[in-house]
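Below you'll find the structure, written out as structure tokens, and then a few comments.
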Ligand code: GLP
């Protein structure tokens, strides 16, 4: 893992943009994208750049079960607001959280990932070390699956909803094996609240109880962290 320590989120987003530009210059076509607050400034930087995605493909990590893409809390809506409306892609894939047959949807999503190998994957990290919505205990060999969100993830995401009861309890998430197949992975983390997860991910044991720890085994992972998120690293 390559660790890049930055002063703050803005500097980190600019570093992320530079890496993205290098990847595109090297031929990257398919971009694995994440939601959450972490990549928002990075997406702003992308929007304000001269990069063109009109012949590129995006594949998002996850989507809530039960929310339509037009729902303001859905991840599809989030991506439209924070990136896609300003930077149109050739195609944007997200799991369909309203699919009548969710098991079939997970298989369909795996076939999309297989058909469009991810060149560059953006990740955030949950306080409990989750990546995508792969909660602690998720098998490292998992592909796309339906997830029961943990209490801590529901709490953390409640800030986007009117009340905690409105937060969906399930999601469809790309699996850990799918994420690990990405050629290059850039994980970003800001703030002290992420410092324990970052330390466990970088310096801890590789264990399914800390999903992000598997990234130690990937040969091209760049971790961009601000000083607060890096504070427990040796
Ligand atoms: C959600 C998303 C993750 C994200 C995590 C952290 O659970 N599914 O992809 O990394 O939240 O969110 P934030 O970036 O808001 O801290």
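Residue numbers (the UniProt record's numbering): 1 to 234.
All C-beta atoms in this analysis are idealised placements derived from N, C-alpha and C, irrespective of residue type, glycine included.
Kindly indicate the opening and closing residues of the alpha helix (DSSP H) around residue i.
i, result
"residue 144", "Element bounds for residue 144: n/a, residue is neither H nor E."
"residue 70", "That residue, residue 70, is in no alpha helix (DSSP H); it is neither H nor E in DSSP."
"residue 176", "176-180"
"residue 45", "40-47"
What is the DSSP secondary structure of residue i, counted as helix, strand or coil?
i, result
"residue 206", "coil"
"residue 63", "strand"
"residue 167", "coil"
"residue 53", "coil"
"residue 193", "helix"
"residue 134", "strand"
"residue 7", "coil"
"residue 30", "strand"
Where does the unbroken beta strand (DSSP E) through residue i begin, and where does it stop?
i, result
"residue 91", "91-93"
"residue 189", "184-189"
"residue 120", "120-123"
"residue 214", "Careful: residue 214 lies outside any beta strand (DSSP E) and carries neither H nor E."
"residue 226", "221-226"
Using C-beta distances below 8 Å, list every residue in its chain close to residue i, excluding the 5 sequence neighbours before and after it, in chain order.
i, result
"residue 119", "23, 27, 28, 29, 30, 31, 182, 183, 184"
"residue 15", "4, 6, 224"
"residue 46", "17, 20, 83, 87"
Using 10 angstroms around the beta-carbon of residue i, count the other beta-carbons present and answer buried if the total reaches 16, otherwise exposed.
i, result
"residue 195", "buried"
"residue 125", "buried"
"residue 234", "exposed"
"residue 165", "exposed"
"residue 206", "exposed"
"residue 203", "exposed"
For residue i, which residues of its own chain have a beta-carbon under 6 Å away from its beta-carbon, when the five flanking residues on both sides are left out?
i, result
"residue 189", "125, 198, 225, 229"
"residue 221", "1, 185, 215"
"residue 91", "57"
Residues in the same chain with beta-carbon distance under 7 Å from residue i, minus the five sequence neighbours each way, listed in chain order, please.
i, result
"residue 201", "125, 129, 210, 212, 213, 215"
"residue 236", "For residue 236 there is no data in the structure shown, the boundaries of the chain being 1 and 234."
"residue 43", "82, 83"
"residue 167", "154, 157, 158, 161"
Does any heavy atom of ligand 2 sit closer than 6 Å to the C-beta of residue i?
i, result
"residue 62", "Here the bound small molecules are ligand 1; ligand 2 is not part of this structure."
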